[in-house]
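Chemist:
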Amino acid sequence: MKSKQDTVLCPWPGGPAAAAPQHPLCQMCAVVDRVPPESALAADGLPPAVRMPLRAGVRLFEQGTVAQAVYVVQSGIVKETLRDDDSGECIARLVMRGGVAGIGGLSGPHPHSGHVIHPGYACRIPMARFEKVLAEHPDALPRLYADGRQAIADADRIIGQMCHGPARARLARALLYLRSTLAPGEALRLKRADLAQLMALNPTSVARLLAEFRRDGLLEQQGRYCVAVDAARLRELAHAEA
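Going from the sequence shown to the numbering used here is simple: count from 1 and add 1.
#1: For Ala31, count neighbouring C-beta atoms within 10 Å of its own C-beta (all shown protein chains included) and say buried if the count is 16 or more, exposed if not.
#2: Please report the straight-line C-alpha distance between Ala50 and Arg130, rounded to a whole angstrom.
#3: For Val1, which three-state DSSP category applies?
#4: Taking the DSSP output, what are the residues bridged to His119?
#5: Hey, out of Cys124, Val230 and Pro127, whose CA is closest to Asp217's CA?
#6: So, for Tyr226: in the same chain, excluding its five sequence neighbours on each side, which residues have a beta-carbon less than 8 Å away from its beta-carbon?
#7: With DSSP run on the structure shown, which of helix, strand or coil describes Ser181?
#8: Where Val101 and Glu213 are concerned, what is the direct C-alpha to C-alpha distance, given to the nearest angstrom?
#9: Let me confirm a value: Ile104 is counted as buried when at least 16 other C-beta atoms fall within 10 Å, else exposed. Which label applies?
#10: Quick one: what does DSSP say Trp13 is sitting in, helix, strand or coil?
#11: What whole-angstrom Cβ distance do Ala175 and Met163 have, given they're in contact under 8 Å?
#12: Buried or exposed, going by whether 16 or more other CB atoms sit within 10 Å of the CB of Asp45?
#13: Could you have a look at Glu90 and say whether DSSP puts it in helix, strand or coil?
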């Protein structure tokens, strides 16, 4: 195992950049430690936009419901899942730093459910405030279009890189991708069920693969957290078995 400083971050090609500029919508958020009650209103009579913690396991929105807000992810990871009558839920996209979770609910009911899988922070923008911004600042539309394109790219990356090929290669790609937006030295919260959904495998197979990777020195794990990876070897594995 190489030193953590040498191995923590190494984005999978096509993955997000190590740093993302602040989203324009984040500029309207107040810093709070919880979402205010629905009855809370700002000075302009609209629900306030707030910067809120993303706690692992929290469900932000549900598939088929009317969108109440969008979430600009500043740190952490949100998975958007799609219900399947045969296999339960599958991951449709992962939303990381700079991405907007819940953007699919702008044109109708949420097509996905949103769950936090790695803790962080997000700006929660209520729909009424979001619509006001678009009405008063049409120059924000290009950014909205870019967010929509990013959502499609996120889904395409999962289909193209995580759901096909040998299982060891899939796990190598998933680890590199998930680590790519974390701060240097930040531990990645791993959950077998999330990885299984991401890679279209069963949790038992994922547990076996994680054990193999630990034994081979490809990752260092403490409880549910991956504290370091050998990024160079994972890259070789991801490419060699593609």
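The C-beta atom is built at its ideal place from N, Cα and C for all residues, glycine as well. Just so it is clear, the structure is predicted and the values come from calculations on it, not from any experiment.
Modeler: Reading off the structure:
#1: Result: exposed.
#2: 8 Å
#3: This structure does not reach residue 1, given that the chain is present from 2 up to 243, and the question cannot be answered.
#4: Ile78
#5: Val230
#6: Ala188, Leu189, Arg190 and Leu191
#7: coil
#8: 34 Å
#9: buried
#10: Note that Trp13 scores a pLDDT of 28, beneath 50, so its modelled location is shaky and nothing firm can be said.
#11: About 6 Å; that satisfies the 8 Å criterion.
#12: exposed
#13: strand
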